[in-house]
Structure formats: C-alpha cells, structure tokens
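*Asks:*
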Amino acid sequence: MSSNFQADTVYGVDFSAAANSAGASTWVARCVQDGEELVVNKLASASEYLDIDSNDRSDVLPALADHLGSGTESTVAGLDFPFSLPEWVLSQSNGWREFVQATPDQWGILEQVDEPKDLFYRLNAQAEETKNPQRRATDDEHKGQNPAGWRIKTQTYYGISILLRRLIEFDQVAVPPVLTHQNPRLTVLETYPASVFDDLEDATRTGYKKGQRRHVEARQQNVEALQEAGVRFADQTARDCAVATDDALDAVAAAYAAHRNYPEALTEEYDQQARLEAQIFA
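Numbering (the working numbering), first residue to last: 16 to 297.
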C-alpha cells in the first residue's frame, strides 16, 4: 500500500440496485488508515449503516450518495459497478460528465433507455448492427462483464443514473479517469472485487459467493489474503461478518482497491478511450 495515501476516510461499497432490497444487499465498509494498514472500522448493510428504515432502492441510493458526498473530510470511495459504457455509445455526448448528467433516455446513441432491460437490448442490438464491442477495454483487462449484460444491467443503469449522477454534483469530486479535479475532497473509483482477489496472493476470485461450507472456507481464505495485504479489522465482529457474507467481503475488497490505487489514480495519464469508458481499479 502507498505510504503517500492522504485520504482521511476510505469507503468500499458492494452495490445492489434491487428495487425492494437494495438496502439489505448493498454493503458498506468504512475504513481509516493506521500507518501502512487499512483498518475496517464499520461493516454493515447500507440500510443499517445509514440508519434508515427502508431497503427500497429509491430511498437507499440517494441517501448513500448524500452520505458519501457530504462529508467534510478527504474521502475516497471504491464502488463496484460499471461507471460507463463502451466508448462508441458516448460518441454523441460531450464527454463522460455530460453522459452521466443526462437522463438514460439521452444516453449516447442508444436513445429512449427507460429501464435496465432497454439498456440490455438496445446496446447489444446496436453493437451487433455496428460491429462495435459490447465491453469496455477495462472489462477485457480485468475479465469483467459486459456493463449492459443481463446479470449487471440493473447495477449499471441505477449506479450511473442515480448514484454517480448525484455524486458528481457535490463540490470537489474526482472520478479518475473520467472526471478530474486538482484538489478533490471526494475521489470515487470503480472497483471489481473479483479482480482484487485475482491479484492477491493466496486469494480466489471464484467459489466464495454461496453458503455451503466450501464457499465459507473460500471467504475465509480471501479474508486472510486481505489481512496479509495490510487490511485489519477493528473487531472480531467485522471480520466474522466478512467471512459470513460475500457482499460484506466484497465491500472490504472495494475499500482495499480504493486505498491501494489512490492517489496514483489521480496523477496517472490516461488515453481518450479511458477518459470516456472509465477504468476498473483493482
């Protein structure tokens, strides 16, 4: 981990956009730096963390954005959903920020995207017709999914149109490489826990997502790999939670990725494709 890390608070968010259960399925890890270690001080579902009596997407996602964006400390947050679509989709937008600020029915050349299913069908149909890729360069690099694919279309749709759209309206926000700021108070990084575990020695990117004993053992393996890499849990309860719940574990991995890549993410030089498509930081 970088000894030049300057943020006071590090968040990792394992993101869900489920209509009625986003608050229970989204998990938040709040961390601080202690020397070279990243200390997980709080690990909870979004509804519990935000102390709101609702699990509905319409309540939880705006509240989460406001929590991340309204702090007074220097903050970095790792969020695990696609921040953009392939470069060719944004060809009619004047950059990434304009794309995110637009409502989905004005998203690039797709037009009239009114729900996640529209995103799936329109992007894939346009990609087939124009012979353009369905995935971004960063998805290929990190073995990620098509951001408009069936499994994650809802996360992409609501992550961009609610969470990111709200976050970029706060003052002093940077989203490398798509949105820059010379002195950001909040830095938001796209992360991908599977790629984090791919990079960590003795971790596994697969086989830790379910509830059988072998899946619990795989989560235990990944928790130990994170600890070897410099992550410390403030109490046993938080560590036990990461072993018991894959969403909680992924939130910690997202925080680790944000910590590991900041502030180099702010100073790296990026090509034009990355400045439109965004980039996964693992």
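We treat Cβ as the ideally placed atom computed from N, Cα and C, and that holds for glycine.
1) For the putative contact between Ala-32 and Gln-170, defined by C-beta atoms under 8 Å, what is the C-beta separation to the nearest angstrom?
2) Only counting runs of 3 or more residues, tell me where the beta strand (DSSP E) segments fall wholly within the stretch 90 to 132, in order along the chain.
3) In whole angstroms, give me the CA-to-CA distance for Arg-275 and Ala-297.
4) Might you give, ordered along the chain, the residues of its own chain that have their beta carbon closer than 7 Å to the beta carbon of Asn-70, omitting 5 neighbours on each side?
5) Ignoring anything shorter than 4 residues or poking outside the stretch 257 to 283, list the alpha helix (DSSP H) runs there in chain order.
6) With DSSP collapsed to three states, give me the class of Glu-205.
7) With distance defined between alpha-carbon atoms, name the residue in Leu-105, Ala-257 and Asp-186 nearest to Asn-147.
8) How would you label Glu-216, buried or exposed, when you count the other beta carbons within 10 angstroms and need 16 or more for buried?
9) Rounding to the nearest angstrom, what Cα-Cα distance links Ala-273 and Thr-41 in this structure?
10) Considering only their Cβ atoms, is the gap separating Gly-159 from Ile-295 smaller than 8 Å?
11) Compute the distance between the beta-carbons of His-157 and Ser-73, then report whether it is under 8 Å.
12) Note the first and the last residue of the continuous beta strand (DSSP E) segment covering Ser-60.
13) Below 6 Å CB to CB, which residues in the same chain sit around Glu-279 once its five sequence neighbours on both sides are set aside?
14) Use the C-beta contact count for Ala-259: other C-beta atoms within 10 angstroms, 16 or more gives buried, fewer gives exposed.
15) Measure the C-alpha to C-alpha separation of Leu-125 and Ala-59 and round it to an integer number of angstroms.
*Replies:* On the basis of the coordinates in this document:
1) 5 Å
2) 90 to 94
3) 8 Å
4) Asn-35, Ser-36, Ala-37, Gly-38, Ala-39 and Ser-62
5) 261 to 276 and 279 to 282
6) strand
7) Leu-105
8) exposed
9) 17 Å
10) yes
11) no
12) 52 to 60
13) none
14) exposed
15) 36 Å
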